[in-house]
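One structure is given below, encoded as structure tokens.
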Amino acid sequence: MSDTKKETESKRFSRRDFIRNTGLLAGSAALGATFLTGCNSEPASAGNNGAPSQSWDHETDVVVIGFGAGGAATAITAADGGAKVLLIEKAAQGEEGGNTKYSGQGIMGTDNADELFKYVKAMSGLFTHTISDELIRAFADGAKENREWLISLGADADVLDKGMGGSGKPWIWNEYPELPGSDHCICWLVSGKNFDGAFYKLLHDNVDKRADKIEVWYDSPGSHLIQDPETRTILGVQVVKSGKVLNVRAKNGVVLACGGFENNEEMLANFTQQPYFYPYGALYNTGDGIKMAQEVKAKLWHMSNCAGWLWGFMPPDAKRCKTVSPQKGIMVGPNARRFMNEAQTNRHGRINIGGRWVNMPVPLPTWYIVDSTQVAANKLVSSFSAGNAEEIAKGWIIKADTVEDLAKACQLDAKTLQETLAEWNASCTKGADALFGRSGASLLPVAAAPYYAMKLGPTMYNTQGGPERNSKAEVLDLDGNPIPHLYSCGECGAMWPDMYNGGGNLGEASVFGRIAGKNTAAPQ
3 MSDTKKETES KRFSRRDFIR NTGLLAGSAA LGATFLTGCN SEPASAGNNG
53 APSQSWDHET DVVVIGFGAG GAATAITAAD GGAKVLLIEK AAQGEEGGNT
103 KYSGQGIMGT DNADELFKYV KAMSGLFTHT ISDELIRAFA DGAKENREWL
153 ISLGADADVL DKGMGGSGKP WIWNEYPELP GSDHCICWLV SGKNFDGAFY
203 KLLHDNVDKR ADKIEVWYDS PGSHLIQDPE TRTILGVQVV KSGKVLNVRA
253 KNGVVLACGG FENNEEMLAN FTQQPYFYPY GALYNTGDGI KMAQEVKAKL
303 WHMSNCAGWL WGFMPPDAKR CKTVSPQKGI MVGPNARRFM NEAQTNRHGR
353 INIGGRWVNM PVPLPTWYIV DSTQVAANKL VSSFSAGNAE EIAKGWIIKA
403 DTVEDLAKAC QLDAKTLQET LAEWNASCTK GADALFGRSG ASLLPVAAAP
453 YYAMKLGPTM YNTQGGPERN SKAEVLDLDG NPIPHLYSCG ECGAMWPDMY
503 NGGGNLGEAS VFGRIAGKNT AAPQ
């Protein structure tokens, strides 16, 4: 082989290896960073400025993936900045909204950005090395603007300022009051109530009002990002719409706002060390944005963190679980032993163990056990019938005349369960729980037959992990550099590495959604 030919072959294989190593080999249908001509999988040729030349099925300025709080905030801000926006949503129309729709509706804000900065940094605990001061500062400054932003969207300032239930003052919701800056953690409520979807309705109405600038595609998940293999710029996204894969060009950028991975059992097992969770909010959060980001070699962070764990009961054939506060009887794990103070207050699923707030222990399965006195006097779940009669009849709550029969129905060791109940009842008589320090009115014996048990499992509000972002809402690559034209907001790579305060996710989605919208409004 001549030297010239060797040089040519070397260049050719070098180019091929580069494309393969970056996951961008043209014509590879398995990867998102492929280049397609129309709906074909043929290799693309080089075009202007080194970008591949290809045809597009649709073109817009900005593509936003996900119609929750972050996606809506991005779309609204980009549209107001003059951009044409395509907002794509995996769910069918009427089912959109992600976790935002099912959340408590509190939007974290502040009257003092410096103090909120201190609070958020303190909540990072031992993980401050994973999140920059610059990013926390961007959030704190943006959170101070959340009130005026809500008012600009049509929220009533008087309702916001009267706080929860019209108390007459803003709702200071500081789940960690012992931390510095906590007194300046405000949660704004659009309606003065929580869990009513009012914030999401406000966002949705504002998207609808901008129909001339924001086009919405429902039942249209993003599947893969389209990336220039030389510049690494994100050019667009592949969207599955009406059974067809469409190549959508995004001239100014693509924003990942498609939530976490609460509904992806494989990812839950790999990243949270839980084999399953009972779904509570969004049903479509399966980590799509995380997988798309991985395909273009984005750096991931906070993958093991979540807003939970909480206790849930999953009715047969239900789509979502019912959250449970098991404070009347006791809870036992598969070894038929108690494992915690069942009445202990938790902070979004975290309890204090040894001086540190950590996720509650969740042995699987967990059984919530009560006696006939407690069942008659208390609904085990707030939405259950009086005396839990309907739920007992349906078999949701197991009933047994003896402890032995209850143990058999729950596949527990009968002798151990009898010992556990005897120890607990003795603690109730003494007025002190020697094992876990439970006290007061919750020391209720489990001694009156028949006995009842309800199977509980872990649930959470949302995961926090995903592609790492910077203060400009740009997604970072494995070396910590921004991937050109790729942004994220909301729970798809949330900023919370450790402790979490209610309202933080909606506050962050609002702040970084606006940042992403502003940065994609103008041509890049």
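Each number in this note's numbering corresponds to the 1-based position in the sequence shown with 2 added. A virtual CB, placed ideally from N, CA and C, is assigned to each residue, including glycine.
In whole angstroms, what is the alpha-carbon distance linking residue i and residue j?
i, j, result
"residue 440", "residue 352", "17 Å"
"residue 498", "residue 205", "23 Å"
"residue 457", "residue 316", "8 Å"
"residue 8", "residue 283", "Confidence is the limiting factor: at residue 8 the pLDDT is only 38, short of 50, which leaves the residue's position unreliable and the question unanswerable from this model."
"residue 494", "residue 431", "50 Å"
"residue 387", "residue 407", "25 Å"
"residue 510", "residue 141", "7 Å"
"residue 369", "residue 200", "35 Å"
"residue 43", "residue 162", "With a pLDDT of only 36 at residue 43, under 50, the local geometry of the prediction cannot be trusted, and no value is derived from it."
"residue 340", "residue 393", "24 Å"
"residue 524", "residue 269", "36 Å"
"residue 81", "residue 210", "12 Å"
"residue 94", "residue 221", "4 Å"
"residue 123", "residue 130", "7 Å"
"residue 295", "residue 230", "14 Å"
"residue 455", "residue 383", "13 Å"
"residue 78", "residue 97", "20 Å"
"residue 60", "residue 212", "19 Å"
"residue 346", "residue 355", "11 Å"
DSSP on residue i, reduced to helix/strand/coil?
i, result
"residue 300", "strand"
"residue 516", "helix"
"residue 139", "helix"
"residue 425", "helix"
"residue 33", "Because residue 33 sits at a pLDDT of 40, beneath the cut-off of 50, its placement in the model cannot be relied upon, and the point is left open."
"residue 412", "coil"
"residue 394", "helix"
"residue 501", "coil"
"residue 346", "coil"
"residue 27", "Only weak support exists for where residue 27 lies, its pLDDT of 31 falling under 50; the value from the coordinates is given anyway. Reduced to three states, the DSSP call for residue 27 is coil."
"residue 260", "coil"
"residue 159", "helix"
"residue 361", "strand"
"residue 195", "coil"
"residue 275", "coil"
"residue 438", "coil"
Given a cut-off of 8 Å on the beta-carbon distance, is the pair residue i and residue j in contact?
i, j, result
"residue 452", "residue 374", "yes"
"residue 492", "residue 83", "no"
"residue 490", "residue 257", "yes"
"residue 390", "residue 399", "yes"
"residue 108", "residue 505", "yes"
"residue 564", "residue 323", "Residue 564 falls outside the range modelled here, since the chain spans only 3 to 526, and no answer is possible."
"residue 71", "residue 102", "yes"
"residue 224", "residue 290", "yes"
"residue 87", "residue 215", "yes"
"residue 254", "residue 435", "no"
"residue 219", "residue 243", "yes"
"residue 249", "residue 265", "no"
"residue 466", "residue 310", "no"
"residue 338", "residue 409", "yes"
"residue 336", "residue 365", "yes"
"residue 513", "residue 252", "no"
Which same chain residues, not among the five before or five after residue i, have their C-beta less than 8 Å away from its C-beta?
i, result
"residue 448", "331, 332, 371, 372, 373, 376, 423, 426, 427"
"residue 134", "472, 473"
"residue 137", "471, 472, 473, 497"
"residue 363", "341, 342"
"residue 461", "279, 280, 281, 282, 310, 311, 312, 313, 314, 323, 325"
Between the Cα of residue i and the Cα atoms of the options, which residue gives the shortest distance?
i, options, result
"residue 468", "496, 311, 483", "496"
"residue 481", "301, 340, 436, 361", "301"
"residue 235", "298, 106, 294, 142", "298"
"residue 105", "145, 57, 202", "202"
"residue 118", "231, 160, 182, 243", "182"
"residue 528", "62, 58, 73", "Because the chain in this structure spans residues 3 to 526, residue 528 falls outside the shown range and cannot be described."
"residue 151", "179, 138, 110", "110"
"residue 485", "227, 131, 92, 157", "227"
"residue 174", "442, 192, 187, 503", "187"
"residue 157", "294, 192, 94", "192"
"residue 526", "476, 418, 507", "476"
"residue 273", "306, 329, 90, 260", "306"
"residue 148", "252, 121, 75, 397", "75"
"residue 240", "421, 67, 361", "67"
"residue 445", "397, 344, 522", "344"
Spatial neighbours of residue i within its chain, please: CB distance less than 6 Å, with the 5 preceding and 5 following residues excluded, ordered by chain position.
i, result
"residue 143", "115"
"residue 217", "88"
So, at 7 Å on beta carbons, what are the nonlocal neighbours of residue i in its own chain, with the 5 sequence-adjacent residues on each side left out?
i, result
"residue 164", "170, 194"
"residue 381", "390"
Measure from the C-beta of residue i to each C-beta in chain D and report whether the shortest distance is under 8 Å.
i, result
"residue 507", "In summary, chain D is missing from the structure at hand, where a single protein chain is found."
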